[in-house]
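Sequential numbering of the first sequence, starting at 1, is according to the UniProt record's numbering.
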Amino acid sequence: MHYNFNDIEAKWQKYWNDHQTFKASNNSDKPKYYVLDMFPYPSGAGLHVGHPLGYIASDIYARYKRHQGFNVLHPQGYDSFGLPAEQYAIQTGQHPKNTTEINIDGCLDNEGNLIKKYLKDDGTIKDSALIEKGKIISVKDENYQNYVIKGYRRQLDKIGFSFDWSREVRTSDPDYYKWTQWIFIQLFESWYNNETNKAEPIDSLTAIFSSEGNANVNAVCDEDIEAFTADQWNAFSSEKQQDILLQYRLTYLAETEVNWCPVLGTVLANDEIVNGVSERGGHPVIRKKMTQWSMRISAYAERLLQGLETVDFTESLKETQRNWIGKSQGAEVEFRIQNSEFRISVFTTRPDTIFGVSFMTLAPEHDLVNKITTPEQQQAVNDYIEATAKRSERDRMADVKTISGVFTGAYAEHPFTKEPIPVWIGDYVLASYGTGAVMAVPCGDQRDYDFAKHFNIPIPNIFEGVDISTEAFTGKDNVVIANSGFLNGLNYKKATKLAIYNLEQLGQGKGKTNYRLRDAVFSRQRYWGEPFPVYYVNGKPQMIATEHLPIVLPEVEKYLPTEEGEPPLGRADVWAWCTKTNKVVSNQLIDHKTVFPLELNTMPGWAGSSWYFFRYMEEKANRDQAFASEDALNYWESVDLYIGGSEHATGHLLYSRFWVKFLKDRGFVNIEEPFKKLINQGMILGTSAFASILKFDPINISENQMEDISKLIKRIGSIFISYDYKKIIPNSTKQLSLEELKNIDENLFNNIDELIDLDSLPTLRTNEIFIYIEPFYPININFVDTSNKIIFNQNFLIDHMYLNFKKKAILNSENEFIVSREVEKMSKSKYNVVSPDAICAEYGADSLRLYEMFLGPLEQYKPWNTAGITGVHGFLKKLWKLYIDDNGVKVTDAEPTKDNLKTLHKTIKKVQEDIENFSFNTSVSTFMIAVNELGAQKCTSREILEPLLVLISPYAPHIAEELYSLLGHTTSISTVTFPKFDESHLIESSKVYPVSFNGKMRFTMELPLDLSKDEIEKIVMADERTQKQLDGKTPKKVIIVPGKIINLAGF
RNA sequence: GCUCAAGUGGCGGAAUUGGUAGACGCGUCGGAUUCAAAAUCCGAUUCUUCGGAGUGCGGGUUCGAUUCCCGCCUUGAGUACCA
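Structure follows, in structure tokens:
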């Protein structure tokens, strides 16, 4: 009997599905365990071998926990709203709903044939079904399946995950986003009470307002809220009341700075901007203020920080979140502007250095800039603001070399000395940080120092005995303040305290804790996201009552912003709210009396993913009453193990923690933190292949030759050249002329000559064309073999047809084309994607699972190399042969030998430790060692081989199930108890000691473990090898650690 | 720029509290089997001037450092609208 993995895997995948083996129950006597993977976004490119890495790890853990007797919840679903689907919709007009569905469910039926609806009459495949749009692929083409979207689900199923698919969720499903909208409404109907330190219903706030005004309300709210009494509140118009409440609500409308691209009519993310222009199309981008929904996450800054102490995340991830929250202690100081009513408020962590202030800098976007700039400086200031608006925030942060700024002409007044302080603007100050203004202390801050030097602003030294002639002194320890009036002679701590005290006396400052964390913008000017359950009455946002949810995303003709720059929903014809019928109705009915316009923005990607882990807790049948029932929430509590990429460290992981805390405050859930333990898996990188291109560069060419040259270059286009020739033309810094090239390699020269017909352009046989290689044209790695040769076949020509590759390629003397290799992220555009389907077909899912784990530590980045999979595949074959030979099952009831037991139990110990430490790569090695040893021992004992299957089953579940059933079992191995480790089998009576001389191991000797130090020393010193090493000398020290090491030192 | 992570053979990596550096696998080389190939099996494989040296570089602590400390270098990730 062969190890026929394809049949075995299909059989068990079907068995698990038919028997609902991994369906979790919300009622169980077993303890619960919740294992979750971060939500995948179902992109059209499908899965590559990097994606399942984390899923395999979590699946191993989930299966292990089942063997340990837990009721395991291990669900999966899709974060199915998002930009890629939207962008594809913009390009093709395809509804994102449809493409998303294709991406999840795929275009092939169960037999692997194309589903009819994706077929055109002429036998070619519809664009929407193709991974790479625009290609012409026919169902008659060999392996056409490689070019169509197989669907996430189908790809995942092939890998043998133990997911409970009955609980699947999709964020773009109205039944799901109904509850995203519902949570949004709860946020709107809540405020944060600093007294109780939690979110409360907004009714409790209005109750306080109408009974005592807002004087004693201690809430997290907008700055600069006007004070009012109960009488005033009660007298306010409803609209005025709404405006005030909006300043307290946990989600609110506010003006926010965004990256606006006027040509695209949309807002861009920082990473969609390259060098100040849009990545797509290269259009200019400016910073612009826009009214948007925001989430008052800042209310939770302290709790988000404190909560980190209670969860088991990696230290680096916690650190990232701490930095993001950015708590700092210091003072808020108010500087009066001379001859003006305006004041500049700054936050500083160093109020002790206040006497070192020699100028102030405002962010160019700061509100006060226009108000305080003097007429003489107005033009310069305007020009500067316009210039900075073009720079992204990240550019401004990263670029410390360029120093720029403009004097506003205004002077502030030092709170203590009353000296005038010039007020500048500079783009190194960001509007979104602190108050958007800094008191510049050049002697104590390097950026202030550089700024002052650059603009010749004085740098007063306020540190006793510190030289600041070349750089600022940024330390705060072991320094005494000088030239600072009442702070003279004090250290940092005392000076800070006294400075704050005196500022408070003046009424110009107070101690303050500042958080860098800023409120999260929640609006997106996109189509493919959750619609807000919001309509506007006289411009004031109104929530739609929760019983009318979901508000379903409307149909639009195009997915672009409108010509007026409104979001895509501005194109919807039926997008108004009728307060009579409580239905979405045609825009034409808007009368602002009973029918009102609906919100045009949609929610961001993180809305749906901030609470999805609760949705899985509830079984599908019971999901219509609440986002999850109380029973379900109480049973599953929180995620015990969460695995996903570290790129979510500050987005998803912070926002979901925020929402959970909010939901807890309002009594909807009982937990404070959603994820108890979190592991970041690293990325599997691809090995890209690049064809080298021979480049021809005209240098020092006279005008009249230029035309010929350009003709030539045009005619040549790209000449691909086998990488072997790299030796001849090393790199672009070492250029050759045609003549030189001819001298070096006649063969190559003749090849070029043939390809481009140099004779027709006689002027080219000169030294004026320089030749070099650029190795950067990406080649689909599916057409490159392990020795880096291109495999020219039909599919290669389909893939690279438009280049007519072969006709323009110079092969090497063996008639091969060699490519260069480089390790980088797997991506469609780099043609370096390895699909798990191909691996499963050739080696099986168990091999894939083992190999992904075997590659290296889970958290680490590592390159994929398909060739290496033969190692683990060979291991599985060996494992099979341990149980099965030509005559069938060879397992017997033979008594296990001592060696058999030793191998088994050391394997149990190691594997259990490894799984609990998430060190899956080392357990694969351990399995290999075990199988090698048992093979050498010719072990056939059931008592050994059956427990071994349970150990391996989390990693390679299909082969484990198959062998387990061949051993006579009729039920799944998935819940068989994990073998128990028995130390007695591992006890040794002797140890092979390494004997070191001055720390270097020179030889080993086996000694009984019960010897004393003295006895060991005697034996060691008597050994002739010792005497040879010592060469007559006497060691000063003999270190003997029984059971570990012997070291002779100091001779 | 700031923050975090990682640097060990030709390659992926192992060495869990400081104790035999290179487990396990890939690749390569040699051999067996075969008419031949595939598959399988066996052996070798850090470098070396054969004394030793050696875990990115330079120091330090220690009987002993891949592991701990200090200072660098390189690469990767995140940096608030990609998901």
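Ideal Cβ placement from N, Cα and C applies to all residues, glycine included.
Around the beta carbon of Asp231, fewer than 16 other beta carbons lie within 10 angstroms, which makes this residue exposed. Here Asn815 is not near Gly686, since their CB atoms are 8 Å or more apart.
Look at Leu858 here: in three-state DSSP terms it is coil, with no helix or strand label.
In this structure, the alpha-carbon of Val639 lies about 46 Å from that of Ala440. Residue pairing by DSSP places Ile273 opposite Ser278 in a beta bridge.
Spatial neighbours of Ala482 in its own chain (CB-CB distance under 7 Å, excluding positions within 5 residues in sequence) are listed in chain order as Ile462, Phe463, Glu464, Asn488. The beta carbons of Glu619 and Asn26 sit closer together than 8 Å.
If only uninterrupted alpha helix (DSSP H) runs of at least 4 residues are considered, those enclosed by the region 774-830 are 794-799. Contact between Trp575 and Leu569 holds, with the beta-carbon distance rounding to 6 Å and staying under 8 Å.
Following the DSSP letters along the chain, one finds Phe978 in no beta strand (DSSP E), marked with neither H nor E.
About 11 Å separates the Cβ atoms of Thr897 and Thr940, ruling out a contact at the 8 Å cut-off. The residue from Tyr883, Lys1018, Asn998, Lys289 with its alpha-carbon nearest to that of His2 is Tyr883. Shown here for Val889: same chain residues with a beta carbon closer than 8 Å to its own, the five before and five after excluded, namely Tyr883, Leu966, Leu967 in chain order.
Ile773 and Ile684 do not touch by the CB rule: their CB atoms are close to 29 Å apart, not below 8 Å.
Annotation for Gln87: no residue places its beta carbon closer than 7 Å to its own, counting only its chain and skipping 5 residues before and after.
Assignment of beta-bridge partners to Cys578 by DSSP yields Lys583, Val595. Straight across, the Cα-Cα distance linking Thr562 with Leu264 is about 10 Å.
In terms of CA proximity to Gln76, Pro52 leads the group Pro52, Ser1012, Thr870. Residue nearest to Ile719 within the set Asn751, Ser688, Glu740 is Asn751 (criterion: CA-CA distance).
Here the region 177-190 does not lie against the region 644-653, with fewer than 3 beta-carbon pairs under 8 Å apart.
When rounded, the separation of the alpha-carbon atoms in Ser128 and Tyr118 is 8 Å.
In the displayed model, Trp659 falls within a helix according to three-state DSSP. When only Cα atoms are considered, Lys695 and Phe776 end up about 11 Å apart. Burial of Gln1029 is indicated by the presence of at least 16 other C-beta atoms within 10 angstroms of its C-beta. DSSP, reduced to helix, strand and coil, places Phe5 within a helical segment of the structure shown.
Excluding five sequence positions before and after Gln338, the CB atoms of its chain that fall closer than 8 Å to its own CB belong to Ala410, Tyr411, Ala412, Glu413, Pro420, given in chain order. Looking at the backbone, the Cα of Ala572 and that of Thr922 are separated by about 56 Å. Relative to Ala632, the option among Val669, Asn601, Gly539, Ala607 whose CA is nearest is Val669.
When the beta-carbon positions are compared, Pro262 and Gly356 stay at least 8 Å from each other. Residues Pro364, Asp427 of the same chain have their beta carbon placed closer than 7 Å to that of Thr388, with the five preceding and five following residues left out of the count.
For the options Ala936, Pro947, Glu895, Leu876, the alpha carbon positioned closest to that of Lys909 is the one of Pro947.
By alpha-carbon distance to Asn146, the top candidate from Pro1008, Asn634, Phe796, Leu876 is Phe796. In the structure shown, the three-state DSSP call for Cys107 is coil.
Contact between Val333 and Pro422 is absent: CB atoms are separated by about 17 Å, not below the 8 Å threshold. For the pair Ile136 and Thr124, the CB atoms are nearer than the 8 Å cut-off. For Gln321, the enclosing alpha helix (DSSP H) covers residues 315-325.
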